[in-house]
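Okay, so here's the structure we're looking at.
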Ligand code: GAR
């Protein structure tokens, strides 16, 4: 049984989708959901699945190792970023396999400040004909690690950023749990 942790900063619909997919799984267990926001809705979602939560602030994350200690105490091996918006420090990239989902076809529309609806806004403003998701390993830079998986959706004339967000979320819900499952099976 692999022990995984999810990091999320916001709503947590992906975290919930992953929790639902792996509920009762003998392959992996979500040991804890970590968030940098005390009022993030993901923390409510965690309660529904009886998943422990851990909230940290900037000082905790960048100037202490309390997050590292907690992950080690829980024997976590894999970290999944599901809408986590802070840069991941070296002490995590050095100790864990970490993957991230990004709501665009990297290397386009990645990097600092490119997250959530800002990505879909930029995709529409630039008249892109397609967008999608990228799941990739995490290194010390934003959206830069080796790619694991991509899936595309069409962007039609007249699509709003909200329309694109919906198509991208559908791809996320369909593919992210399966990619995690394959990764765990290959470890
Ligand atoms: C997701 O679309 C995810 O791809 C994106 O944030 C959203 C979180 O939604 N991540 C990034 O933009 C990372 N750069 P959720 O909280 O409902 O899962």
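Residue numbers (the numbering used here): 322 to 508.
Ideal Cβ placement from N, Cα and C applies to all residues, glycine included.
C-beta contact flag for residue 420 and residue 402 at 8 Å: Yes, the Cβ-Cβ distance between residue 420 and residue 402 is below 8 Å.
Continuous alpha helix (DSSP H) assignments of at least 4 residues falling wholly in the region 357–423: Counting whole runs of 4 or more residues, the region 357–423 contains the alpha helix (DSSP H) stretches 362–369, 379–384, 387–394 and 411–414.
Three-pair Cβ contact test at 8 Å for the region 403–423 versus the region 377–391: Enough Cβ pairs lie closer than 8 Å, so yes.
Any non-hydrogen atom of the ligand GDP closer than 7 Å to residue 339 Cβ: This structure lacks the ligand GDP; its bound ligands are the ligand GAR.
CA-to-CA distance, residue 484 to residue 391, given in whole angstroms: Near 39 Å, if we compare the C-alpha coordinates of residue 484 and residue 391.
8 Å contact criterion, which residue 327 and residue 354 should meet: CB distance rounded: Right, the Cβ-Cβ distance comes to about 5 Å (below 8 Å), so this counts as a contact.
Within 8 Å, strictly: CB atoms of residue 350 and residue 498: Cβ atoms of residue 350 and residue 498: not closer than 8 Å.
Residue 348 - DSSP class collapsed to helix/strand/coil: It is coil, neither helix nor strand.
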